[in-house]
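Colleague: Residue numbering for the sequence shown follows our numbering, beginning at 84 and increasing consecutively.
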Amino acid sequence: LSKTPLGTHVVVYAMRPGLVIGRGGETIKELAQVLEQNFKVSNPQISVSEIEVPELNPYVVGTRVASALQKGIHFRRAAFWAMNQVMEAGALGVEIIISGKLRTERARAEKFRTGYFPRCGDPALKYMRKAEVHVQLKPGMFGVKVRIMPPDAQFPDRIQIVEPTVEETAEQEQTLQAASSETASDIPNQPLSEQDLEGQDVTSPQENGTLPSEDDAHKEADA
Numbered sequence: 084l085s086k087t088p089l090g091t092h093v094v095v096y097a098m099r100p101g102l103v104i105g106r107g108g109e110t111i112k113e114l115a116q117v118l119e120q121n122f123k124v125s126n127p128q129i130s131v132s133e134i135e136v137p138e139l140n141p142y143v144v145g146t147r148v149a150s151a152l153q154k155g156i157h158f159r160r161a162a163f164w165a166m167n168q169v170m171e172a173g174a175l176g177v178e179i180i181i182s183g184k185l186r187t188e189r190a191r192a193e194k195f196r197t198g199y200f201p202r203c204g205d206p207a208l209k210y211m212r213k214a215e216v217h218v219q220l221k222p223g224m225f226g227v228k229v230r231i232m233p234p235d236a237q238f239p240d241r242i243q244i245v246e247p248t249v250e251e252t253a254e255q256e257q258t259l260q261a262a263s264s265e266t267a268s269d270i271p272n273q274p275l276s277e278q279d280l281e282g283q284d285v286t287s288p289q290e291n292g293t294l295p296s297e298d299d300a301h302k303e304a305d306a
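#1: Taking DSSP as the reference, what is the three-state secondary structure of GLN128?
#2: Any idea if PRO141 is buried or exposed, counting beta-carbon neighbours within 10 angstroms, 16 or more meaning buried?
#3: For VAL94, does the count of other Cβ atoms within 10 angstroms reach 16, so buried, or fall short, so exposed?
#4: So, do the stretch 225-233 and the stretch 142-150 have three or more beta carbon pairs nearer to each other than 8 angstroms?
#5: When the Cβ atoms of the stretch 175-189 are set against those of the stretch 150-163, are three or more pairs found closer than 8 angstroms?
#6: Once DSSP output is grouped into helix, strand and coil, what is the label at TYR199?
#7: Within the same chain, show all residues whose beta-carbon is closer than 7 angstroms to that of MET166, passing over the 5 residues directly before and after it, in chain order.
#8: Within the continuous beta strand (DSSP E) that includes THR87, where are the two ends?
#9: Is VAL124 near ALA97, with beta carbons less than 8 angstroms apart?
#10: So PRO239 and TYR210 are supposed to be a Cβ contact under 8 angstroms. How far apart are they, rounded?
#11: Note the first and the last residue of the continuous beta strand (DSSP E) segment covering GLY43.
#12: Is it right to say LEU139 is buried, meaning 16 or more other beta carbons lie within 10 angstroms of its own, or is it exposed?
#13: Which residue or residues does DSSP assign as beta-bridge partners of ARG230?
#14: Please determine, among VAL216, GLU135, ARG99, LEU185, the residue with the shortest C-alpha to C-alpha distance to PHE158.
#15: Measure the beta-carbon distance from ALA236 to LEU175 and round it to whole angstroms, keeping in mind my assumption that it falls under 8 angstroms.
#16: Locate the beta strand (DSSP E) running through VAL93, then write down its first and last residues.
#17: Can you tell me which of PRO206, VAL216, PRO222 puts its alpha carbon nearest to the alpha carbon of GLU188?
#18: Which class does GLN243 belong to by DSSP, given the choice of helix, strand or coil?
#19: Output the distance between the C-alpha atoms of ARG99 and ALA190, rounded to the nearest integer angstrom.
#20: To which residues does DSSP link MET170 through a beta bridge?
#21: Tell me GLN153's beta-bridge partners as DSSP assigns them.
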């Protein structure tokens with residue numbers, strides 16, 4: 084949900100956008116009326132987007148596991164089948180928890196986990212995707228919790244080393260050559276000759292502000 088000057092923008096993500104839109108947008112119009120009447124959403128603008136990778140969406144995976152349980156498939160088989168699909172899609176890790184009256188009259192829960200799956204820390208809070216789905220079966224209510232660690236998650240203990248490309252190395256070599264040529268031009272290549280020294284202006288001690296000593300004065304008088 085996002086509020087705009089024209090109203091409230093609502094984005095619905097679905098595996099089959101055509102079913103959500105309906106013929107001529109009838110389903111979208113009914114949904115807009117429900118949001119406006121029941122939830123007091125002013126002028127809802129609904130748009131439908133397709134889920135790019137359904138196997139990385141925890142709600143979709145939980146719904147598939149719940150529908151498999153409704154069809155009578157064993158919960159372990161449904162959980163392992165879902166985990167294999169998620170890992171094949173590129174996820175780093177996945178955890179599925181199925182709770183309810185699985186095999187006895189007493190409710191319990193079973194966990195299925197695979198891959199790299201941190202349970203605490205900033206990556207778990209920032210990148211982990213969670214969803215919970217409930218399904219009604221003959222023994223009672225069943226719950227399916229799905230947690231997925233997507234492939235784009237970044238961890239502080241995993242360092243990625245990026246190798247320089249050919250263009251970067253060529254640019255670095257050019258800059259180094261330019262810097263070395265500039266420093267070489269600043270330093271004189273040959274020492275000063277006698278002609279250069281003769282052309283220089285040699286100032287007298289009086290011009291430099293230094294006075295002759297008493298010994299020098301006596302020598303000049305004797306001469």
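Don't be surprised by glycine CBs; every beta carbon is placed ideally from N, CA and C.
For clarity, every value in this text was computed on a predicted model and none was experimentally measured.
Modeller: From the atom records:
#1: strand
#2: buried
#3: exposed
#4: yes
#5: yes
#6: coil
#7: VAL177, ILE179, PHE195, THR197
#8: 85-87
#9: no
#10: So it is not a contact: roughly 12 angstroms between Cβ atoms.
#11: Residue 43 falls outside the range modelled here, since the chain spans only 84 to 306, and no answer is possible.
#12: buried
#13: GLU178, LYS213
#14: LEU185
#15: 6 angstroms
#16: 90-97
#17: PRO222
#18: coil
#19: 35 angstroms
#20: Answer is none; MET170 lacks a bridge partner.
#21: Answer by DSSP bridge pairing: none, since GLN153 is not bridged.
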